[in-house]
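Here the structure comes first, spelled out in structure tokens, and everything after it is commentary.
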Amino acid sequence: MGSASLIVLLIIAIAFAVVAVYIGRIFGTSSTNSVKGEPYECGIETKGETWVQFHIGYYLFALLFLVFDVEIVFLFPWATVIRELGVVALVEIFFFTLFLFLGLLYAYKKKALSWM
Amino acid sequence: MFQVYLFLFLSCVALFSAMMVLLSKKPIHSVLYLTLTFFALAGHYILLNAQFLAVVHVIVYAGAIMVLFLFTVMLLNLNKEGQFPKTTLVKIIAAIAGGLLFVVLIGSLKSFDLATVSNPAVSQIGLVKNLGKTLFSQYLLPFELSSILFLSAMVGAVMLGKKDKE
Amino acid sequence: MDIQILYKSGLIIVILLLSLVIAMYATLAERKIAGFFQDRLGPNRAGIFGLLQPVADGVKLFFKEEFMPATADKFLYVLGPSLTMLIALLGSAVIPWGNTLVIGNNVFPLQVADVNIGVLYVFAVTSIGVYGIMIGGWSSNNKYALMGAVRAASQMISYELAMGMALIAIVMMSGSLSLHDIVAQQHGIHWNVWYQPIGFFVFVICAFAETNRTPFDLPECDSELIGGYHTEYSSMKLGFYLFSEYINMFISSAMIASLYFGGYNFPFLHELGMSHNWLTIVGTFVLFAKIGFFMFLFMWVRWTLPRFRYDQLMRFGWKVLLPLAIVNIVATGVIYELFKK
């Protein structure tokens with residue numbers, strides 16, 4: 033039942049998103065000239081390419097994020113069964129988070145968490 | 008009956024987007040098609056009554072790994088087509104690697120016994136509480152070992168990304 | 029069975045329309061509140077108290093020229109705003125908008141889908157929220173837009189972690205991932221905020237960051253990046269980006285109210301001696317009052333605090349919020365074991 037309502041919601045939401053974007057195309061006016069399609073940078077002509085190489089800092093944060101995200105996913109089933117398992121689960125997770133913290137500490141020491 | 012149609016629809020989406028990952032010219036399109044593939048696979052998990060697995064699939068693959076891929080595409084500046092050399096040697100190696108994977112897949116499918124699969128609609132293993140109980144009693148050691156794996160992954164990432172200044 | 033399907037579909041449409049209308053009027057409320065904070069009147073020309081202003085804005089956006097940069101990636105350029113809108117609308121599915129209504133033998137829950145992974149569903153929807161912005165900013169082929177998009181992605185993933193950790197502490201308290209159960213357990217005044225003050229603090233800050241609201245509005249940061257990821261957008265596509273921010277704000281407020289402030293529960297619920305259905309209706313109004321308060325909080329902060337610098341933002345997310353959230357989990361576990369009921 034739950035999944036079925038989710039599917040209905042998905043269909044309605046997609047329909048809304050698609051229809052509303054195309055309504056604008058019907059009502060709106062349209063004109064074009066040679067400079068209109070250029071990238072907007074407050075009136076200055078753009079120089080060089082847009083899609084250039086990015087700083088590695090972004091990538092590093094994404095990598096760290098991935099590791100922690102997987103950890104969080106592991107913690108969710110643990111959080112639901114902590115009542116049944118009691119102290120054992122607590123000890124288990126203590127070591128788990130300890131390693132997590134060590135990693136964070138290492139990144140901190142290596143100054144990977146400071147921007148640029 | 009509804010589930011069968013849904014299964015067919017999701018499978019079509021998954022196959023189509025997987026094909027488009029290979030066929031699209033721009034790397035960023037490939038990344039987005041791969042995301043679509045992951046969503047279709049998450050749909051399959053829901054059909055198997057494994058909602059936790061489905062939502063984790065979305066969180067980890069669509070939410071985290073694909074963001075990483077997008078950054079990689081930008082970081083390596085892979086936006087133009089035809090950046091990779093397509094010599095004959097590369098093609099031959101690719102054909103061999105792909106062929107080997109195909110053989111492995113066929114082999115694993117052949118040894119698979121369909122009769123052992125229980126009816127997925129009544130299977131409860133995918134529900135989060137059962138998963139948690141199994142994971143934190145039966146598979147405790149692999150779970151704890153995985154945390155060391157995470158630690159090494161983190162250290163590796165930091166090592167690669169951050170070179171010492173001195 | 030049929031009546032239930034009909035009811036659910038009706039409920040979905042009502043909730044979607046409600047989110048849209050609330051988002052519309054949130055734009056007006058924001059401008060009115062900004063006016064109040066800056067000692068001016070705010071919009072007051074369209075209709076009485078400016079009540080028709082959102083309608084006028086919407087009509088204007090529909091009639092504006094549809095513009096597409098010549099060098100843009102055409103398909104992704106359209107996909108970006110649609111995806112943002114779609115993801116914003118999906119969040120409403122698992123929030124319990126009220127208890128159940130009992131009519132005859134039929135029980136109608138005021139919740140679209142009581143999936144047993146509700147909290148994770150919310151987490152998943154937040155984690156894919158980055159796509160719309162990323163795709164829109166990248167496909168515009170504008171340096172400022174791309175910069176905003178990359179900033180948005182980096183910021184959202186950083187704050188998502190702390191948010192997930194705060195959610196885990198909540199799940200530890202309730203032992204269930206279903207939002208319906210989490211709300212039902214906070215009956216009376218047993219709200220989670222009393223037991224999870226740190227978690228609440230972390231969650232609210234992350235909600236600000238995930239919705240890209242000030243002080244975390246670096247992705248659009250008009251003083252540095254022109255308009256950020258939506259620099260090249262116009263007409264209804266721009267409207268989608270702006271509008272989905274308010275829908276996200278509404279959903280986040282609803283989440284905060286349900287997770288930490290008891291949702292539709294209110295003190296002395298059962299002393300009033302009302303029938304079940306009436307209690308449900310009153311509870312729904314109480315929930316919307318709480319949501320209204322948190323939406324006001326979002327606006328209050330926006331017109332009070334300045335924007336973070338990017339390095340401050342990253343430092344705060346990784347060096348303050350994330351360790352705090354991890355400590356919160358461990359502390360919750362220890363305290364729970366010590367004072368087990």
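Residue numbers (our numbering), protein chains in the order written: chain A, 33 to 148; chain B, 8 to 173; chain C, 29 to 369.
All C-beta atoms in this analysis are idealised placements derived from N, C-alpha and C, irrespective of residue type, glycine included.
Everything numeric in this text was worked out from a predicted model, so none of it was measured.
Segment limits, alpha helix (DSSP H) that includes residue i
i, result
"residue 149 of chain B", "147-168"
"residue 67 of chain A", "Taken as a continuous stretch (DSSP letters only), residue 67 of chain A belongs to no alpha helix (DSSP H), as it is neither H nor E."
"residue 109 of chain A", "88-117"
"residue 312 of chain C", "304-330"
"residue 338 of chain C", "338-343"
"residue 69 of chain B", "It is not in any alpha helix (DSSP H) - residue 69 of chain B carries neither H nor E in the DSSP assignment."
"residue 139 of chain B", "135-144"
"residue 34 of chain B", "34-54"
"residue 250 of chain C", "250-253"
"residue 143 of chain C", "Residue 143 of chain C -> no alpha helix (DSSP H), and no H or E assigned at all."
"residue 9 of chain B", "9-30"
"residue 109 of chain C", "102-118"
"residue 60 of chain B", "58-64"
"residue 96 of chain B", "95-117"
"residue 360 of chain C", "350-366"
"residue 167 of chain C", "158-167"
Amino acids of chain A, ordered along the chain, whose beta-carbon sits closer than 8 Å to that of residue i
i, result
"residue 365 of chain C", "118, 119, 122"
"residue 140 of chain C", "37, 38, 41"
"residue 128 of chain C", "Near residue 128 of chain C there are no residues of chain A at all, since even the closest Cβ is about 14 Å away, more than 8 Å."
"residue 38 of chain B", "Per Cβ cutoff of 8 Å: no residues; residue 38 of chain B is ~13 Å from chain A at best."
Chain-ordered neighbours of residue i on chain C, where CB pairs are closer than 7 Å
i, result
"residue 69 of chain B", "156"
Under 8 Å from the C-beta of residue i: neighbouring residues of chain B
i, result
"residue 109 of chain A", "59, 135, 136, 138, 139, 142, 143"
"residue 102 of chain A", "67, 71, 157"
Interface residues of chain B facing residue i [CB-CB closer than 7 Å]
i, result
"residue 145 of chain C", "58, 59, 62, 135"
"residue 166 of chain C", "35"
"residue 205 of chain C", "135"
"residue 57 of chain C", "Under the 7 Å cutoff, chain B gives no residues; its nearest Cβ is about 31 Å from residue 57 of chain C."
"residue 94 of chain A", "74, 75, 78"
"residue 98 of chain A", "71, 72, 75"
8 Å contact criterion, which residue i and residue j should meet: CB distance rounded
i, j, result
"residue 42 of chain B", "residue 69 of chain B", "5 Å"
"residue 151 of chain C", "residue 262 of chain C", "Not quite, the Cβ-Cβ distance comes to about 33 Å (not below 8 Å), so this is no contact."
"residue 138 of chain C", "residue 308 of chain C", "7 Å"
"residue 257 of chain C", "residue 176 of chain C", "4 Å"
"residue 49 of chain A", "residue 47 of chain C", "That pair is no contact at about 13 Å."
"residue 96 of chain A", "residue 161 of chain B", "6 Å"
"residue 98 of chain C", "residue 70 of chain A", "7 Å"
"residue 303 of chain C", "residue 124 of chain C", "Contact flag wrong, Cβ pair sits at about 19 Å."
"residue 184 of chain C", "residue 238 of chain C", "6 Å"
"residue 14 of chain C", "residue 93 of chain A", "One cannot answer for residue 14 of chain C here, as it falls past the ends of chain C, which runs 29 to 369."
Contacts of residue i in chain B (Cβ-Cβ under 9 Å)
i, result
"residue 162 of chain C", "74, 77"
"residue 132 of chain A", "154, 157, 158, 161"
Proximity to residue i [Cα-Cα], best of the options
i, options, result
"residue 280 of chain C", "C:365, C:344, C:121, C:183", "C:121"
"residue 49 of chain B", "B:36, B:39, B:64", "B:64"
"residue 151 of chain B", "A:42, A:106, A:93", "A:106"
"residue 294 of chain C", "C:212, C:97, C:183", "C:212"
"residue 352 of chain C", "C:220, C:362, C:194", "C:194"
"residue 201 of chain C", "C:365, C:36, C:33, C:34", "C:365"
"residue 124 of chain A", "B:147, B:15, B:29", "B:147"
"residue 349 of chain C", "C:187, C:199, C:283", "C:187"
"residue 206 of chain C", "C:270, C:337, C:141", "C:141"
"residue 172 of chain C", "C:250, C:113, C:128", "C:250"
"residue 52 of chain C", "C:38, C:78, C:73, C:40", "C:78"
"residue 100 of chain A", "B:67, B:139, B:79", "B:67"
"residue 54 of chain A", "C:75, C:326, C:268, C:231", "C:268"
"residue 86 of chain A", "B:54, B:61, B:81, B:57", "B:81"
"residue 33 of chain B", "C:101, C:30, C:63", "C:101"
"residue 66 of chain C", "C:357, C:367, C:341, C:328", "C:328"
"residue 189 of chain C", "C:233, C:136, C:218, C:163", "C:233"
Enclosing beta strand (DSSP E) for residue i [first to last residue]
i, result
"residue 135 of chain C", "134-137"
"residue 130 of chain C", "128-131"
Proximal chain C residues relative to residue i, where beta-carbon distance stays under 8 Å
i, result
"residue 66 of chain B", "148, 151, 152, 155"
"residue 77 of chain A", "In chain order: nothing, as chain C lies at least about 12 Å away."
"residue 140 of chain A", "347"
"residue 59 of chain A", "90, 91"
Under 9 Å from the C-beta of residue i: neighbouring residues of chain C
i, result
"residue 90 of chain A", "178, 179, 181, 182"
Contacts of residue i in chain A (Cβ-Cβ under 9 Å)
i, result
"residue 135 of chain C", "Neighbours of residue 135 of chain C on chain A: none; closest Cβ ~12 Å, over 9 Å."
Item checked: Ranges of the alpha helix (DSSP H) found wholly within the stretch 171-221 of chain C, counting only runs of at least 4 -> 171-202, 207-212
Check: Counting only runs that start and end within the stretch 65-96 of chain C, where is the alpha helix (DSSP H) found for 4 or more residues in a row?
Finding: 81-91
Note to self: List, from N- to C-terminal side, the beta strand (DSSP E) runs of 3 residues or more that fit wholly inside the stretch 236-283 of chain C.
What the structure shows: none
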